[in-house]
Each structure stands twice: as C-alpha cells, then as structure tokens.
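Following: one structure in structure tokens, then a few remarks.
2 protein chains.
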Amino acid sequence: MPLITESIGLLAATCTTMAFVPQAIKVIRTRNTAGLSLSMYVCFTIGVSLWLVYGCLLGDTAIIVANAITIVFAAIILALKLLYS
Amino acid sequence: MPLITESIGLLAATCTTMAFVPQAIKVIRTRNTAGLSLSMYVCFTIGVSLWLVYGCLLGDTAIIVANAITIVFAAIILALKLLYS
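The listed protein sequences derive, respectively, from chains A and B. Start counting the first sequence at -9; every next residue gets the next number (the working numbering). Start counting the second sequence at -9; every next residue gets the next number (the working numbering).
So, in structure tokens, the structure goes:
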C-alpha cells in the first residue's frame, strides 16, 4: 500500500476513534445527556463490539486497537446516558 | 474470507453507519444540541471524510458506501449543532 494511502487511513482511524473523547468528557462534566440519542449509542456500541470481533477473527491489529479504544468511550457515554436519563 | 467473518464485518459496518440516523432524527425533531460535543462532530466528520478518500484510493466499495452514508448523517448533525448553538 502506498505511504500516502496508509497515512490517510491512519489519520482517518485516529479522527473517528478520538472523536468520542470530547463527547465523553462533555457528558462527564455537564451530566447533560438529554440531546444524546440512546438508540445511537446502543447501536454504535454493538457495532464497535462487532468490529472488534471482526478484527480478532482477521488478526488485524489496526482494527482491534482502533475499536478497543472507541468501545471504551462509546460505553462510557452509553452508561452515563442510561444513568442520567 | 470465511462467510461468518464477512457477515460480522457487514453487520458491524451496518450498525456503526446506521447509528447516526436516530441521532440526526432526534436533533431535527428536538433542536436540542446542548449536550452534543461540537469537537466530536468536527473530528468525526473529518475522520469519515478521510475514510472516504481512503476507500476511493483503495477502490474498496464497502469502505466507500459505508462512509458515504455516515458522512451525510454526521454532517447533518454537525450543521444543526452549529445552527442551534
């Protein structure tokens, strides 16, 4: 794979993985989850868990690492949504 | 790739792509974006755009389709967050 393609993939994975960090911090700080969709976080957490299984089945470290990080923050947001709603 | 692995990947992609639909519907209906993190949606929309570029560079239809759908809903949520904040 050309270096430019690999770099774009790595940057893409970093952005979509780390995007959930500021949302988790915001929910922890404000406890305001009224605007967050429960269906979104249930569906997203299931999806990321399946990506993790998929990565494990393929033995693909990039998929495993990216989704293992994402699942932590998605699960925190989901848990706080359930707690504060 | 074994059928079970491919099926898990397809289900994972469907879940993480469609997860943003209920959030977009919720924002359109309630106009409540106070709890949504602007940083999350800026970072996520950039990330999904990069995944789309990555898919195009690889010529990978699954990556292109999944991210082309996701970007629509992520961009709607981002635009309404900017509009209503």
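Positions of the beta carbon are idealized from the N, C-alpha and C atoms, including for glycine.
Next item on the list: Kindly give me the distance between the Cβ atoms of A58 of chain B and L42 of chain B, rounded to whole angstroms, as I take these residues to be in contact under 8 Å.
Entry: 6 Å
Checklist line | Secondary structure of M8 of chain A, DSSP reduced to three states | finding: helix
Check: Does DSSP put M(-9) of chain B in a helix, a strand or coil?
Finding: coil
Notebook entry, point to check: Nearest CA to the CA of I(-2) of chain A: which residue from B:L73, B:Y74 and B:I36?
Noted result: B:I36
Notebook entry, point to check: How about M(-9) of chain A and P12 of chain B: do their beta carbons lie closer than 8 Å?
Noted result: no
Margin query: What does the alpha-carbon distance come out to for the pair S75 of chain B and N22 of chain B?
Written below: 9 Å
Checklist line | Helix, strand or coil at N22 of chain B [DSSP, three-state] | finding: coil
Check: What whole-angstrom Cβ distance do T20 of chain A and F34 of chain B have, given they're in contact under 8 Å?
Finding: About 19 Å separates the two Cβ atoms, so there is no contact after all.
Next item on the list: Take L28 of chain B and list the residues in its own chain whose beta-carbon comes closer than 6 Å to its own, dropping the five residues that flank it on each side.
Entry: K71
Check: F63 of chain A to T4 of chain A, Cα distance in whole Å?
Finding: 14 Å
Next item on the list: Below 7 Å CB to CB, which residues in the same chain sit around T60 of chain B once its five sequence neighbours on both sides are set aside?
Entry: T7, F10 and V38
Notebook entry, point to check: In or out: L68 of chain B buried (at least 16 other Cβ within 10 Å) or exposed?
Noted result: buried
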